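Report on the structure given below.
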Ligand SMILES: *[C@@H]1O[C@H](CO)[C@@H](O)[C@H](O)[C@H]1NC(C)=O
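In the working numbering, the protein residues as written are 82 to 554.
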């Protein structure tokens, strides 16, 4: 009634419409359907774990095709000097966007089911929470949104009370019957990818990619890009930051938020097992923080997400034992390697036994020592946050956790100290604004994480992770 997705049905012409309720039976049916279509396979070594292999042309966020549509360009990006391409994001005019939409969405869901996903960023009912509705023709997206967000009937009931919500429209852009065969049974339309944001009307329209940040619209599109605008209007902050709680041997607990671009160690830091005796780290979130000053003037943060969409390569019992323990059940893996005993493997894990056969992320036989990678560098696990052994007791707190310090970090090749502390708040803002990190596999290979970019200038970085600490006390 409230959320009929009627406009999207008229435009995209799906064959069926399925309003997602979020029950375990529904999720099981969706996964079974994905398995029948060859989009995922079950990993018998673990409990309710699945492996998806994408079309190799659809493996990461596509920043060059990610645009923000505002009336005035200046509302999206600083205007670059004549002849210079802005590196701070892409603006599209309303008329160009209208045209781009008309070239993509009409009839794009023909022959497919349109799923209507009511979802919540933050615990349902919390004052810091925001709601969304995503329509999508990808059941993989439904399965992943069920892990990454609170999804289904409780949110629908909230929407029926009349709360505001962000409208998200997503299509893989491959209507049926197909005009060309799919690669890896993974529908996508790489030539036509466009991920567009309309902050004025709180809308996201994403076309052509089924992958992660391009298709799970609650994540980067909503929780960072649209939320930054809502936050600006309402006086709070939507940041690309992990949140952790750290307790000293004396029992003093502080919460810290930390901003690094993707693949620079956010998830590993958020779940750190301290080497120092007596210290304890607990995880509130590994990617996004929504922060607001409370009536006492204390900065408080929530993790708007419900799961971890972490980079798999490099994650091991050595680097992140708690993540390893989190992903043994109810997890969807994408583009990792597969072992012949029905498990997963990626670079950074101990070599499997010599008699174990491996299949790489393309679905081809793979041998240890091969010149190609077994797992794509941006391969992912998508797992429920509640399964993390060190999830913080306050991680779903409605008022959020109090933040005492902010860390900025990134990959730096040379020339900067590993860790430094700002002299004061103004100095911290200045050096935070002048930081930059090397490109990561999370976006296109030559790109740089856009959200970090907003606060960054121009040093080329790589190698060690460097940190800047800002303390509020
Ligand atoms: C990681 O450690 C756990 C607990 O010791 C163990 O059960 C698991 O098999 C290990 N995983 C890998 C990939 O080595």
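For each residue, glycine too, the CB sits at the ideal point set by N, CA and C. Predicted model only: the values in this text are computed from it and were never measured.
Rank 279, 193 and 302 by C-alpha distance to the C-alpha of residue 154 and give the top, closest one.
On the chain shown, position 73 is the one that residue 154 refers to. Per the Cα distances, 279.
Is the segment 204-219 close to the segment 172-179, with three or more CB pairs under 8 Å?
no
Would you list the residues sitting across from residue 230 in a DSSP beta bridge?
For the purposes of this step, residue 230 is taken as the residue at position 149 of the chain shown. Beta-bridge pairing links residue 230 to no other residue.
Out of 117, 218 and 213, which one is the CA nearest neighbour of residue 188?
Walking along the chain shown from the start, residue 188 turns up at place 107. Closest option to residue 188, Cα to Cα, is 218.
If you reduce the DSSP assignment to three classes, tell me which class residue 127 lands in.
Counted from its first residue, the chain shown places residue 127 at position 46. Looking at residue 127 - three-state DSSP - the assignment turns out to be coil, as it is neither helix nor strand.
When DSSP labels each residue in this structure, what does residue 377 get in the three-state scheme?
If you number the chain shown from 1, residue 377 lands on position 296. It is coil, neither helix nor strand.
How many Å lie between residue 384 and residue 452 at the Cα?
The residue you call residue 384 lines up with position 303 of the chain shown. The residue you call residue 452 lines up with position 371 of the chain shown. Approximately 39 Å, taken between the alpha carbons.
Does the distance from the CB of residue 413 to the CB of residue 419 come in under 8 Å?
For the purposes of this step, residue 413 is taken as the residue at position 332 of the chain shown. For the purposes of this step, residue 419 is taken as the residue at position 338 of the chain shown. No, these two residues do not count as a Cβ contact at 8 Å.
Apart from the five residues on each side of it in sequence, which residues of its chain come closer than 6 Å, Cβ to Cβ, to residue 124?
The count along the chain shown starts at 1 and reaches residue 124 at position 43. Contacts found: 130, 132 and 423.
Does the distance between the C-beta of residue 402 and the nearest non-hydrogen atom of ligand 1 fall short of 7 Å?
Here residue 402 refers to the residue found at position 321 of the chain shown. Checking every heavy atom of ligand 1 against the Cβ of residue 402, one is found closer than 7 Å.
Check whether the Cβ of residue 405 lies closer than 7 Å to any heavy atom of ligand 1, and answer yes or no.
Locating residue 405 in the chain shown gives position 324, counting from the first residue. Correct: residue 405 has its Cβ closer than 7 Å to ligand 1.
Let's test the definition: count the other Cβ atoms within 10 Å of the Cβ of residue 295 and tell me whether it reaches 16, buried, or not, exposed.
Here residue 295 corresponds to residue number 214 of the chain shown, with the count starting at 1. Looking at its Cβ environment, which holds 16 or more other Cβ atoms inside 10 Å, residue 295 is buried.
Under a three-way DSSP split, which group does residue 100 fall into?
The residue given as residue 100 occupies position 19 in the chain shown. Of the three classes helix, strand and coil, the one that applies to residue 100 here is strand, per DSSP.
Please report how far the alpha carbon of residue 477 lies from the alpha carbon of residue 236, in whole angstroms.
For the purposes of this step, residue 477 is taken as residue 396 along the chain shown, with counting starting at 1. For the purposes of this step, residue 236 is taken as residue 155 along the chain shown, with counting starting at 1. Those two C-alpha atoms are separated by around 16 Å.
Ligand 1 and residue 431: does any heavy atom of the ligand fall closer than 7 Å to the residue's C-beta?
Position 350 of the chain shown, counting from 1, holds the residue named residue 431. Yes, since a heavy atom of ligand 1 falls inside the 7 Å radius drawn around the Cβ of residue 431.
Would the beta-carbon of residue 349 be found less than 7 Å away from any heavy atom of ligand 1?
Reading the chain shown from its first residue, position 268 is the one you call residue 349. Taken from the Cβ of residue 349, every heavy atom of ligand 1 lies 7 Å or farther away.
Kindly indicate the opening and closing residues of the beta strand (DSSP E) around residue 485.
Locating residue 485 in the chain shown gives position 404, counting from the first residue. Here the beta strand (DSSP E) through residue 485 covers 482-493.
Quick check on DSSP: helix, strand or coil for residue 568?
Shown here, the chain extends from 82 to 554; a query on residue 568 therefore has no answer.
Just the C-alpha distance for residue 247 and residue 91, rounded to the nearest angstrom, thanks.
In the chain shown, residue 247 corresponds to position 166, counting from 1. In the chain shown, residue 91 corresponds to position 10, counting from 1. When rounded, the distance between both Cα atoms is 19 Å.
Examine ligand 1 and report whether any of its heavy atoms sits within less than 7 Å of the Cβ of residue 398.
Along the chain shown, read from residue 1 onward, the residue named residue 398 stands at position 317. It does: the Cβ of residue 398 is within 7 Å (strictly closer) of some heavy atom of ligand 1.
From the DSSP secondary-structure annotation, give me the bridge partner or partners of residue 248.
As a position in the chain shown, residue 248 is number 167, starting the count at 1. Looking at the DSSP assignment, residue 248 forms a beta bridge with 214 and 284.
Under 8 Å between the Cβ atoms of residue 411 and residue 468?
Position 330 of the chain shown holds residue 411. Position 387 of the chain shown holds residue 468. In this structure, residue 411 lies near residue 468, with their beta-carbon atoms less than 8 Å apart.
Please say whether residue 516 and residue 481 have beta carbons closer to each other than 8 Å?
The count along the chain shown starts at 1 and reaches residue 481 at position 400. The count along the chain shown starts at 1 and reaches residue 516 at position 435. No.
With distances taken from CA atoms, which of 160, 87 and 228 is nearest residue 109?
Stepping through the chain shown from its first residue, residue 109 is reached at position 28. Checking every option, the nearest Cα to that of residue 109 belongs to 228.
What did DSSP end up calling residue 467 once you bin it into helix, strand or coil?
For the purposes of this step, residue 467 is taken as the residue at position 386 of the chain shown. Helix at residue 467.
With distances taken between CB atoms, is the gap from residue 408 to residue 464 smaller than 8 Å?
Taking the first residue of the chain shown as 1, we reach residue 408 at position 327. Taking the first residue of the chain shown as 1, we reach residue 464 at position 383. Against a cut-off of 8 Å, the Cβ pair of residue 464 and residue 408 comes out as a contact.
For the segment 289-305 against the segment 324-340, do three or more pairs of beta-carbon atoms, one drawn from each stretch, fall closer than 8 Å, so that the two count as touching?
no
From the DSSP output, in three-state form, read off residue 443 for me.
Here residue 443 corresponds to residue number 362 of the chain shown, with the count starting at 1. Under the three-state reduction of DSSP, residue 443 is assigned to coil, being neither helix nor strand.
Should residue 487 go down as buried or exposed, given a rule of 16 or more other Cβ atoms within 10 Å for buried?
Residue numbering aside, residue 487 sits at position 406 when the chain shown is read from its first letter. Burial call: buried.
What whole-angstrom Cβ distance do residue 275 and residue 356 have, given they're in contact under 8 Å?
Counting from one through the chain shown, the residue named residue 275 turns up at place 194. Counting from one through the chain shown, the residue named residue 356 turns up at place 275. Not really, about 46 Å apart at Cβ, beyond 8 Å.
DSSP on residue 364, reduced to helix/strand/coil?
Translated into the one-based positions of the chain shown, residue 364 becomes position 283. Residue state, collapsed to three classes: strand.
Tell me the rounded alpha-carbon separation between residue 252 and residue 366.
Mapped onto the chain shown, residue 252 falls at position 171. Mapped onto the chain shown, residue 366 falls at position 285. Their Cα atoms are separated by approximately 28 Å.
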